[in-house]
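Protein chains in written order, with this note's numbering: chain B, 1 to 10; chain X, 1001 to 1209. Built from N, CA and C at the ideal position, the CB exists for glycine as well. Reviewing the structure listed below.
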Amino acid sequence: PVEEPEHDEL
Amino acid sequence: FRLLGDLSHVIAIIILLLKIWKTRSCAGISGKSQILFATVFATRYLDLLTTFVSIYNTLMKWMFLTTSFATIYLIYFKFRATYDKNHDTFRIEFLIIPSLILALLINHEFTVFEVLWTYSIYLESVAILPQLFMVSKTGEAESITSHYLFALGCYRGLYILNWIYRYVTEDFHDLIAIVAGIVQTVLYCDFFYLYVTKVLKGKKLQLPA
Chain B
1 PVEEPEHDEL
Chain X
1001 FRLLGDLSHV IAIIILLLKI WKTRSCAGIS GKSQILFATV FATRYLDLLT
1051 TFVSIYNTLM KWMFLTTSFA TIYLIYFKFR ATYDKNHDTF RIEFLIIPSL
1101 ILALLINHEF TVFEVLWTYS IYLESVAILP QLFMVSKTGE AESITSHYLF
1151 ALGCYRGLYI LNWIYRYVTE DFHDLIAIVA GIVQTVLYCD FFYLYVTKVL
1201 KGKKLQLPA
């Protein structure tokens, strides 16, 4: 599965 | 670096809110930049509803959203008589449209959330232009306004250090955020120079006419 680009920065 | 960057960002927003609230005036403040910042947070923090990163992340996002809209309320409603609209004339559509188009063309993933996140990144890199334009038009800025700008300029500069650190240690890099962050910080360089050479020596921030 495509790794959902999670934005962990503000 | 990131914590310092976020704190610098929080300090900038608090300085601005206090300046407007204490002096009961938003003279010299660009309402247009504040509208752009609120848009940046609104389009970037949509994931508040879907993904949980950390308590810190969630708290900071809510704080940035509430304070930026509170600032707009102060400028355009409560103290609108002191809003200097004759000097706040930057055409922000020339920032909004290109950012949106660029976000549609260059992004990590063509989904609504990701395109809006990308739009917020591009928009944030130029959101300060109306404020810098206004300072150049009025030819000066109150020292409190220049402290606000200094803290705001440092925030993304510290993020660049964070991105270098994360690239070296975690091999993590997000080119969209990095390029936009560099553009954003470069836009402050001229101001940083004036701030260090003038404001820190107790002089008023006077732009060469």
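Interface residues of chain B facing residue i [CB-CB closer than 9 Å]
i: threonine 1067 of chain X; result: Residues of chain B passing the Cβ test: none, with the nearest at roughly 13 Å.
i: isoleucine 1057 of chain X; result: One detail in the question is off: residue 1057 of chain X reads as asparagine in this sequence, not isoleucine. Result: Asp8, Glu9, Leu10.
Contact with chain B by residue i, beta-carbon distance below 8 Å
i: valine 1168 of chain X; result: no
i: valine 1126 of chain X; result: no
i: glutamine 1034 of chain X; result: no
i: valine 1040 of chain X; result: no
i: lysine 1002 of chain X; result: According to the sequence provided, residue 1002 of chain X is arginine. The question's lysine does not apply to it. It does; some Cβ of chain B falls within 8 Å.
i: aspartate 1171 of chain X; result: no
i: aspartate 1084 of chain X; result: no
Through-space distance from residue j to residue i, alpha-carbon basis
i: threonine 1071 of chain X; j: serine 1099 of chain X; result: 23 Å
i: isoleucine 965 of chain X; j: glutamine 1131 of chain X; result: No information on residue 965 of chain X is available, as it lies outside the stretch 1001 to 1209 that chain X covers here.
i: aspartate 1174 of chain X; j: leucine 1105 of chain X; result: 16 Å
i: lysine 1137 of chain X; j: histidine 1087 of chain X; result: 7 Å
i: leucine 1149 of chain X; j: alanine 1012 of chain X; result: 7 Å
i: valine 2 of chain B; j: glutamate 1109 of chain X; result: A caution first: valine 2 of chain B carries a pLDDT of 49, below 50, which makes its placement in the model unreliable, though a value can still be read off. Rounded to the nearest angstrom, the two C-alpha atoms are 10 Å apart.
i: asparagine 1057 of chain X; j: isoleucine 1020 of chain X; result: 27 Å
i: threonine 1197 of chain X; j: serine 1146 of chain X; result: 12 Å
i: methionine 1134 of chain X; j: serine 1068 of chain X; result: 19 Å
Residues that residue i contacts on chain B, provided the C-beta gap is smaller than 8 Å
i: threonine 1051 of chain X; result: Glu6
i: aspartate 1006 of chain X; result: Leu10
Environment of residue i [buried if 16+ CB atoms lie within 10 Å]
i: phenylalanine 1090 of chain X; result: buried
i: tryptophan 1062 of chain X; result: exposed
i: cysteine 1189 of chain X; result: exposed
i: threonine 1118 of chain X; result: buried
i: glycine 1139 of chain X; result: exposed
i: glutamine 1206 of chain X; result: exposed
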